[in-house]
Amino acid sequence: MAPLEIETHEKQEVQNQDKGREQTRPGRYFHPDVDICESEDGLRLWADMPGVDEKDVEVTLKDGMLTIEGVVSTDLYRNLRPVYTEYNVGNYYRQFAVNEDIDAHRIEARIRNGVLELSLPKAERARPHRIEIKAG
Amino acid sequence: MTGDGQGYHRRERAQGEFTRSLQLPDDFDLTKAEANYSKGMLTVRVPKREEAKPRPISVQSK
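Written out as structure tokens, the structure reads:
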């Protein structure tokens, strides 16, 4: 079977003038690509952050703003002279305004194969309720 | 798996298979190549052939 033609696009670098951006560490930052979907129970988010270890990822939800940050180790590249660079090694940073009423205490985060998976359950009062209709 | 049948707010991540081919100069010994996949990153190391490595030439004075 012929391999699929894959659409590629360049990683988008975080610009310093990005609103709310705080440069906490040196190095380049990129916007991770994300999928976000919503169900009755809450939001789920997947972010591509290759090279990031679980101990180097930070997820915060404050005042309706979800922030994800991942730091990559550059140990692998130490003492190497670049010949061709296309991938661009760097950290990841992205913020989202979350309008849904999220139960911050039940947020779950894990990183597998460089993909951050977030589960943001809606607060009980924000879930749709089915109202029982009584006969009579 | 990325939540099928649910409402997407954003869908940016690439799905599918990945393929890429690169041509390397003859200086590299592909029979000694090593590959590692970790944290979503594939690293391939291809050593240089012994005869392609720079060799110091000792200069003798008479």
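These protein sequence lines are chains Z and F, in that order. Quick note on numbering: the working numbering labels position 29 of the first sequence as 29, and the sequence is numbered without any gaps. To get the working numbering, take the position in the second sequence, counting from 1, and add 1000. A virtual CB, placed ideally from N, CA and C, is assigned to each residue, including glycine. Keep in mind the model is a prediction, meaning the values are calculated, not measured.
Point to revise | Spatially closest choice to Z:Glu100 from Z:Tyr93, Z:Tyr77, Z:Ser39, Z:Arg94, by CA coordinates | key: Z:Ser39
Review point. First and last residue of the beta strand (DSSP E) that includes Z:Asn91?
Key: 91-97
Check your understanding: Is DSSP giving Z:His105 helix, strand or coil here?
Key -> helix
Review point. Just the Cα atoms here: how many angstroms apart are Z:Ala97 and Z:Pro50?
Key: 24 angstroms
Practice item. Closer than 7 angstroms by beta-carbon distance: list the chain Z residues that pair up with F:Glu1012, in chain order. Key: Asp33, Val34, Asp35
Check your understanding: According to a CB-to-CB cut-off of less than 8 angstroms, which residues of the segment 1038-1062 of chain F neighbour chain Z?
Key -> Lys1039, Gly1040, Met1041, Thr1043
Check your understanding: Which residue comes first and which comes last in the beta strand (DSSP E) that contains Z:Phe30?
Key -> 29-31
Exercise for review: Could you work out which residue in Z:Ile111, Z:His9, Z:Leu43 is closest to F:Ser1038 when comparing CA atoms only?
Suggested key: Z:Ile111
Check your understanding: Measuring CB to CB, does F:Arg1089 end up less than 8 angstroms from Z:Asp35?
Key -> What the structure shows of chain F is the stretch from 1001 to 1062, and residue 1089 of chain F is not part of that stretch, so it cannot be assessed.
Check your understanding: How about Z:Asp101: is its C-beta nearer than 8 angstroms to some C-beta of chain F?
Key -> no
Review point. Is Z:Asn113 close to chain F, meaning its C-beta is less than 8 angstroms from at least one C-beta of that chain?
Key: yes
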